[in-house]
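S.K.:
Residue numbers (the numbering used here): 1035 to 1232.
(1) Identify the continuous beta strand (DSSP E) that holds residue 1056 and give its terminal residues.
(2) Report back the beta-carbon spacing between residue 1133 and residue 1092 to the nearest angstrom; my notes put them in contact at under 8 Å.
(3) Assign residue 1070 to buried or exposed, taking buried as 16 or more other Cβ atoms, counted over all protein chains shown, within 10 Å of its Cβ.
(4) Please confirm if the region 1101 to 1108 is in contact with the region 1135 to 1151, defined as three or more CB-CB distances below 8 Å between the two stretches.
(5) So residue 1166 and residue 1139 are in contact, right, with Cβ under 8 Å, and what is the actual spacing, rounded?
(6) Compare the Cα-Cα distances from residue 1164 to each of 1090, 1180, 1129 and report the closest residue.
(7) So residue 1103 packs on residue 1079, CB below 8 Å; how close in whole Å?
(8) Can you say whether residue 1194 is buried or exposed, counting buried as having 16 or more other CB atoms within 10 angstroms of its CB?
(9) Rounded to whole angstroms, what's the CA-CA distance from residue 1052 to residue 1068? Just pull it up for me.
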(Lines of atoms letter the chains of each structure in order from A and count residues from 1; the text may use other names and numbers.)
(Lines give C-alpha, C1' and ligand atoms only; values in the text may rest on other atoms or scores of the structure.)
Protein backbone atom coordinates (compact mmCIF):
# COMPACT_ATOMS: atom_id res chain seq x y z
CA UNK A 1 0.00 0.00 0.00
CA UNK A 2 1.33 3.38 -1.02
CA UNK A 3 1.12 6.15 1.56
CA UNK A 4 1.30 9.76 0.44
CA UNK A 5 2.33 12.15 3.15
CA UNK A 6 0.63 15.50 3.62
CA UNK A 7 3.85 17.17 2.54
CA UNK A 8 3.68 15.43 -0.86
CA UNK A 9 0.00 16.13 -1.46
CA UNK A 10 -0.68 18.95 -3.93
CA UNK A 11 -1.63 22.19 -2.22
CA UNK A 12 -4.67 23.97 -3.65
CA UNK A 13 -5.65 27.46 -2.72
CA UNK A 14 -9.23 27.60 -1.44
CA UNK A 15 -11.65 29.00 -3.98
CA UNK A 16 -13.31 32.22 -2.95
CA UNK A 17 -15.66 34.65 -4.57
CA UNK A 18 -13.83 37.20 -6.67
CA UNK A 19 -14.88 40.32 -8.46
CA UNK A 20 -11.59 40.39 -10.43
CA UNK A 21 -10.69 37.31 -12.46
CA UNK A 22 -7.76 36.39 -14.73
CA UNK A 23 -9.17 34.17 -17.47
CA UNK A 24 -8.51 33.59 -21.18
CA UNK A 25 -5.62 36.08 -21.34
CA UNK A 26 -7.65 38.96 -19.89
CA UNK A 27 -8.56 40.56 -16.57
CA UNK A 28 -12.32 40.61 -16.03
CA UNK A 29 -14.44 42.60 -13.65
CA UNK A 30 -17.66 40.84 -12.65
CA UNK A 31 -20.02 40.32 -14.45
CA UNK A 32 -17.97 40.40 -17.70
CA UNK A 33 -16.19 43.73 -18.17
CA UNK A 34 -12.71 43.37 -19.63
CA UNK A 35 -10.18 45.57 -17.83
CA UNK A 36 -7.43 44.66 -20.32
CA UNK A 37 -6.99 44.60 -24.08
CA UNK A 38 -4.57 42.81 -26.35
CA UNK A 39 -2.19 45.03 -28.33
CA UNK A 40 -0.11 42.90 -30.62
CA UNK A 41 1.44 40.22 -28.42
CA UNK A 42 1.03 42.08 -25.13
CA UNK A 43 -1.91 42.37 -22.76
CA UNK A 44 -2.41 45.98 -21.62
CA UNK A 45 -4.75 47.41 -18.98
CA UNK A 46 -7.43 49.86 -20.05
CA UNK A 47 -6.92 53.44 -18.87
CA UNK A 48 -6.92 53.92 -15.07
CA UNK A 49 -9.84 56.36 -15.35
CA UNK A 50 -11.97 53.86 -17.27
CA UNK A 51 -10.99 51.13 -14.85
CA UNK A 52 -11.94 53.20 -11.80
CA UNK A 53 -15.23 54.13 -13.46
CA UNK A 54 -16.25 50.46 -13.67
CA UNK A 55 -14.73 49.45 -10.33
CA UNK A 56 -16.53 52.25 -8.50
CA UNK A 57 -19.91 50.86 -9.57
CA UNK A 58 -19.38 47.81 -7.33
CA UNK A 59 -16.70 48.92 -4.87
CA UNK A 60 -17.89 52.49 -4.28
CA UNK A 61 -16.04 55.80 -4.48
CA UNK A 62 -13.52 54.47 -1.97
CA UNK A 63 -11.84 52.59 -4.84
CA UNK A 64 -10.37 55.85 -6.19
CA UNK A 65 -7.58 55.90 -3.59
CA UNK A 66 -6.69 52.21 -3.93
CA UNK A 67 -3.90 50.86 -6.19
CA UNK A 68 -6.15 48.41 -8.07
CA UNK A 69 -5.02 49.66 -11.54
CA UNK A 70 -1.42 48.85 -10.55
CA UNK A 71 -2.41 45.26 -9.66
CA UNK A 72 -4.34 44.93 -12.93
CA UNK A 73 -1.25 46.15 -14.82
CA UNK A 74 0.89 43.55 -13.03
CA UNK A 75 -1.67 40.85 -13.85
CA UNK A 76 -1.69 41.98 -17.50
CA UNK A 77 2.10 41.54 -17.64
CA UNK A 78 1.73 37.94 -16.42
CA UNK A 79 -1.08 37.29 -18.91
CA UNK A 80 1.19 38.44 -21.74
CA UNK A 81 3.26 35.33 -20.96
CA UNK A 82 0.20 33.12 -20.47
CA UNK A 83 0.57 32.85 -16.68
CA UNK A 84 -3.02 33.06 -15.38
CA UNK A 85 -2.07 31.71 -11.94
CA UNK A 86 0.39 34.54 -11.23
CA UNK A 87 -2.02 37.05 -12.76
CA UNK A 88 -4.78 35.91 -10.40
CA UNK A 89 -2.43 36.20 -7.42
CA UNK A 90 -1.78 39.84 -8.39
CA UNK A 91 -5.53 40.50 -8.56
CA UNK A 92 -6.12 38.77 -5.22
CA UNK A 93 -3.64 41.18 -3.62
CA UNK A 94 -5.59 44.17 -4.95
CA UNK A 95 -7.79 45.86 -2.36
CA UNK A 96 -11.01 44.83 -4.14
CA UNK A 97 -12.65 42.32 -1.83
CA UNK A 98 -15.49 44.37 -0.30
CA UNK A 99 -18.63 45.46 -2.14
CA UNK A 100 -20.08 48.86 -1.36
CA UNK A 101 -23.72 48.79 -0.17
CA UNK A 102 -24.87 50.27 -3.48
CA UNK A 103 -22.53 47.90 -5.33
CA UNK A 104 -24.22 44.93 -3.65
CA UNK A 105 -27.64 46.25 -4.71
CA UNK A 106 -26.37 46.73 -8.27
CA UNK A 107 -24.75 43.26 -8.34
CA UNK A 108 -28.04 41.67 -7.26
CA UNK A 109 -30.00 43.58 -9.94
CA UNK A 110 -27.45 42.74 -12.67
CA UNK A 111 -27.38 39.07 -11.65
CA UNK A 112 -31.16 38.83 -11.97
CA UNK A 113 -31.10 40.50 -15.41
CA UNK A 114 -28.28 38.28 -16.71
CA UNK A 115 -29.23 35.05 -14.93
CA UNK A 116 -25.88 34.62 -13.19
CA UNK A 117 -24.68 34.22 -9.62
CA UNK A 118 -23.77 37.13 -7.35
CA UNK A 119 -20.25 37.22 -5.88
CA UNK A 120 -20.68 36.39 -2.18
CA UNK A 121 -18.40 39.12 -0.86
CA UNK A 122 -18.43 41.13 2.36
CA UNK A 123 -20.14 44.53 2.37
CA UNK A 124 -18.76 47.87 3.50
CA UNK A 125 -20.49 49.12 6.63
CA UNK A 126 -22.09 52.38 5.56
CA UNK A 127 -25.36 53.62 4.12
CA UNK A 128 -25.85 53.20 0.35
CA UNK A 129 -25.41 56.25 -1.85
CA UNK A 130 -28.05 55.20 -4.41
CA UNK A 131 -31.74 54.38 -4.18
CA UNK A 132 -33.30 51.25 -5.68
CA UNK A 133 -34.78 53.06 -8.68
CA UNK A 134 -31.37 54.38 -9.72
CA UNK A 135 -29.87 50.90 -9.26
CA UNK A 136 -32.60 49.35 -11.40
CA UNK A 137 -32.00 51.89 -14.18
CA UNK A 138 -28.21 51.44 -13.97
CA UNK A 139 -28.46 47.63 -14.08
CA UNK A 140 -29.80 47.73 -17.65
CA UNK A 141 -26.52 49.29 -18.85
CA UNK A 142 -24.81 45.96 -18.00
CA UNK A 143 -26.92 44.00 -20.50
CA UNK A 144 -24.20 44.49 -23.13
CA UNK A 145 -21.92 42.27 -21.01
CA UNK A 146 -24.38 39.34 -20.99
CA UNK A 147 -22.36 37.08 -23.30
CA UNK A 148 -19.11 37.47 -21.34
CA UNK A 149 -20.99 37.18 -18.04
CA UNK A 150 -22.59 33.93 -19.14
CA UNK A 151 -19.24 32.53 -20.29
CA UNK A 152 -17.45 33.53 -17.07
CA UNK A 153 -20.26 32.19 -14.91
CA UNK A 154 -20.13 28.85 -16.72
CA UNK A 155 -16.35 28.75 -16.30
CA UNK A 156 -16.86 28.42 -12.53
CA UNK A 157 -19.08 25.94 -10.74
CA UNK A 158 -22.13 25.81 -13.00
CA UNK A 159 -25.44 24.84 -11.47
CA UNK A 160 -28.26 24.85 -14.04
CA UNK A 161 -30.79 25.20 -11.20
CA UNK A 162 -29.26 28.60 -10.45
CA UNK A 163 -29.55 29.61 -14.10
CA UNK A 164 -32.88 28.38 -15.50
CA UNK A 165 -33.83 29.13 -19.09
CA UNK A 166 -37.20 29.79 -20.67
CA UNK A 167 -38.51 26.50 -22.14
CA UNK A 168 -39.37 25.97 -25.80
CA UNK A 169 -42.77 27.42 -26.65
CA UNK A 170 -42.80 29.75 -23.63
CA UNK A 171 -45.18 32.73 -23.81
CA UNK A 172 -43.42 34.63 -21.00
CA UNK A 173 -39.86 34.89 -22.29
CA UNK A 174 -37.64 33.94 -25.21
CA UNK A 175 -36.96 30.19 -25.40
CA UNK A 176 -33.40 29.38 -24.38
CA UNK A 177 -32.84 32.74 -22.72
CA UNK A 178 -32.31 33.01 -18.96
CA UNK A 179 -35.37 33.45 -16.78
CA UNK A 180 -35.59 34.42 -13.10
CA UNK A 181 -34.59 31.64 -10.74
CA UNK A 182 -37.21 29.77 -8.69
CA UNK A 183 -34.82 29.84 -5.75
CA UNK A 184 -35.00 32.62 -3.14
CA UNK A 185 -32.85 35.64 -3.85
CA UNK A 186 -29.19 35.57 -2.88
CA UNK A 187 -28.12 36.69 0.55
CA UNK A 188 -27.26 40.27 -0.33
CA UNK A 189 -28.66 42.18 2.62
CA UNK A 190 -30.99 45.04 1.93
CA UNK A 191 -30.34 48.28 3.70
CA UNK A 192 -33.09 50.25 5.39
CA UNK A 193 -34.03 53.66 3.98
CA UNK A 194 -31.20 54.29 1.50
CA UNK A 195 -29.80 57.81 1.32
CA UNK A 196 -30.36 59.52 -2.02
CA UNK A 197 -27.70 61.98 -3.10
CA UNK A 198 -28.05 64.57 -5.79
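All residues carry an ideal CB built from backbone N, CA and C; glycine is no exception.
M.R.: Let's see:
(1) 1054 to 1057
(2) 6 Å
(3) buried
(4) no
(5) 7 Å
(6) 1090
(7) Contact holds; Cβ gap of about 6 Å.
(8) Here residue 1194 scores only 46 on pLDDT, less than 50, and its place in the model is too uncertain to base an answer on.
(9) 14 Å
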